[in-house]
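Here this note's numbering = 1-based position in the sequence shown + 641.
Comments concern the structure below.
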Amino acid sequence: MLKAVLLDISGVLTEDGEALPGAVAAVERLQASGLSLRFLTNTSRRTSAAVCEELQRLGFDVAPAQVFTAPGAIRRHLERHRLIPYLLIHEHLEPEFADLPRGEPNAVVLGDAEQRLDYAHLDAAFRLLLEGAPLLAVGTNRYFRQAGTLHLDVGPFVRALEYAAGIEARVLGKPSGDFFHAVLEDAGVAPGEALMVGDDVECDVAAAMAVGLEACLVQSGKYRPGDESKAPGARCEANLADLVEALLAGR
């Protein structure tokens with residue numbers, strides 16, 4: 642029995658800072674249905690608080706505790722393991738980590754750092770990895786969609802550092818199973834009682850199915866024709882509004 646719906650944010654609810662058509666009303670219907678909702682994102686250009694504030698500004702009825710971000714997961718990991726990070730992150734994300742202890746870094750945090758993903762910063766991270774520091778990544782997304790075009794995401798840079806240092810990154814956002822399990826634990830449901838909705842067939846849909854969730858690929862955001870073939874068994878809907886209509890009609 643379906644008890645929870647996990648919603649990717651960019652490409653499912655929003656695009657370029659605006660709500661996608663029908664998304665606000667669709668979330669309202671899900672909230673009213675009694676299903677437990679969680680809002681997920683790998684974005685590493687905004688803090689968890691900023692993500693929640695933007696959703697609320699756009700009209701979504703979202704509580705801060707319902708928002709799960711990859712940077713937030715990394716912060717919790719750093720605190721739990723008392724690690725001091727070398728932060729290769731976007732300047733807008735710095736407040737997420739501002740009050741952590743400072744000192745000689747013993748971990749590398751890699752996000753979508755945009756212009757900071759240059760040789761000097763990547764080389765500094767590489768040297769720390771050679772000394773044994775773990776590589777903590779927000780995700781392995783290959784690209785994201787902005788202003789109608791695709792742009793490089795953090796995944797290619799994760800793979801470059803893994804290859805150069807001969808190590809394997811610890812991914813703490815999607816598609817990590819640990820990330821999905823943390824969200825499910827917070828929602829109080831088992832994998833088989835939850836549905837993941839996303840526009841990224843690899844990091845949202847296939848990854849969720851790999852840990853036992855049902856999943857739906859929406860044909861918005863970064864979706865590209867033919868993506869369905871990469872996740873056999875997943876639902877596929879044109880958008881969130883169509884999915885919600887089908888879900889609630891079938892209950």
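Positions of the beta carbon are idealized from the N, C-alpha and C atoms, including for glycine.
Would the beta-carbon of residue i fall within 7 Å of that of residue j?
i: G652; j: K863; result: yes
i: L654; j: A664; result: yes
i: A835; j: L854; result: yes
i: A810; j: A766; result: no
i: P705; j: L734; result: no
i: V846; j: A875; result: yes
i: A848; j: P873; result: no
Residue i: buried (16+ other C-beta within 10 angstroms of its C-beta) or exposed?
i: G675; result: exposed
i: A754; result: buried
i: K871; result: exposed
i: R698; result: exposed
i: L791; result: exposed
i: Y727; result: buried
i: Q707; result: buried
When the Cα of residue i is compared with those of the options, which residue comes out closest?
i: K644; options: D840, A831 and P742; result: A831
i: L771; options: T781, A748 and R800; result: A748
i: N782; options: A660, A856 and T682; result: T682
Whose C-beta lies closer than 7 Å to the C-beta of residue i among residues of the same chain, with five residues either side of it excluded?
i: I730; result: S685, V750, G752 and A754
i: L671; result: V646, L678 and V885
i: I808; result: L770 and L776
Skipping 5 residues on each side, what residues in its chain have a beta carbon closer than 8 Å to that of residue i?
i: H762; result: L729 and A754
i: E656; result: R786, S861 and G862
i: A823; result: F709 and A714
i: A826; result: The sequence shown places Glu at residue 826, not Ala. Same-chain partners within the cutoff: there are none.
Against chain D, with Cβ distances strictly below 7 Å, would residue i count as a contact?
i: I725; result: Looking for chain D here will not work: only one protein chain is present.
- Unbroken alpha helix (DSSP H) runs of length 4 or more, entirely within the stretch 739 to 797: which are they? 760 to 771
- Task: With a floor of 4 residues, list each alpha helix (DSSP H) that falls wholly inside the stretch 650 to 726, ordered by position along the chain.
- Result: 664 to 674, 689 to 698 and 711 to 722
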